[in-house]
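Some notes on the structure that comes next.
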Amino acid sequence: MKDFKKIYTENKKKVYFFVKKFIPNNDHIEDVVQEIFIHLWKYRDQLTTIDIIDAIIYKTAKQEISNFYRKSKHPFFNEIDENKLNDTESSADIDDDYYTRHLERIKELLDEIPERSREIFLRNKLDNCSYSRIAEEEQISKTAVKKHVQKVISYIEKNLRKTVF
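Quick note: the sequence shown uses the UniProt record's numbering, first residue 1, plus one each step.
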């Protein structure tokens with residue numbers, strides 16, 4: 001709880017001004033910022049390494065800004081420039097830096113994973129195949145697909161954490 005409070009107090013203003021670049025109305029900005037921190041609260045157990053906290057915050061911010069515009073009925077809000085959101089030069093670049101630095105290590109870790117688990121994971125994460133679709137095609141249960149994916153994520157996180165620290 002203390003760690004999340006620290007994350008919140010250290011990042012609220014940065015996140016607010018980041019969101020303000022894309023949303024003109026202060027009430028809407030505050031709503032989106034609140035959604036960002038609600039999302040982070042839900043996944044607070046995964047905010048384990050300092051290196052990725054900024055990356056996660058700004059990736060979440062981009063998602064919530066997109067969600068805001070997608071849900072909005074006002075014509076002005078339907079004109080969001082997705083390229084502007086994706087090309088933003090800010091602390092969100094930490095996201096790219098983190099993944100660039102660790103991409104080779106992640107590839108190595110994926111090579112260490114059993115082939116079937118790796119294939120299921122990649123189909124889910126890279127090809128955006130649902131658990132249901134993969135389960136049907138592989139003739140296994142959705143639970144088995146979920147376990148394969150979670151096993152790979154857990155393995156990568158555990159071993160990547162060793163590399164980071």
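Even glycine gets a Cβ: it sits at the ideal position worked out from N, Cα and C.
Query	Result
For the alpha helix (DSSP H) that residue 130 lies in, which residues bound it at each end?	Premise fails: residue 130 is in no alpha helix (DSSP H) and is neither H nor E.
Between which two residues does the alpha helix (DSSP H) containing residue 22 stretch?	No alpha helix (DSSP H) contains residue 22, which DSSP labels as neither H nor E.
Could you give the distance in angstroms between the alpha-carbon of residue 62 and the alpha-carbon of residue 29?	13 angstroms
Leaving out the 5 sequence neighbours to the left and right, which residues in its chain are closer than 7 angstroms to residue 142 when beta-carbon positions are compared?	131, 132 and 135
Buried or exposed, going by whether 16 or more other CB atoms sit within 10 Å of the CB of residue 124?	buried
Using the Cβ count rule (16 or more neighbours within 10 Å means buried), how would you classify residue 38?	exposed
When we look at the beta-carbon of residue 5 and count the other beta-carbons within 10 Å, is it buried (16 or more) or exposed?	exposed
Indicate the three-state DSSP secondary structure (helix, strand or coil) for residue 156 in the structure shown.	helix
May I have the straight-line CA-CA distance separating residue 153 from residue 54, to the nearest angstrom?	20 angstroms
Taking residue 9 as the reference, give the member of 57, 45, 128 and 22 with the closest Cα.	57
Would you mind working out which of 7, 127, 27 and 108 sits nearest residue 43, comparing C-alpha positions?	7
Check whether the Cβ atoms of residue 116 and residue 110 sit closer than 8 angstroms, and answer yes or no.	no
What do you reckon, are the CB atoms on residue 113 and residue 69 nearer than 8 angstroms?	no
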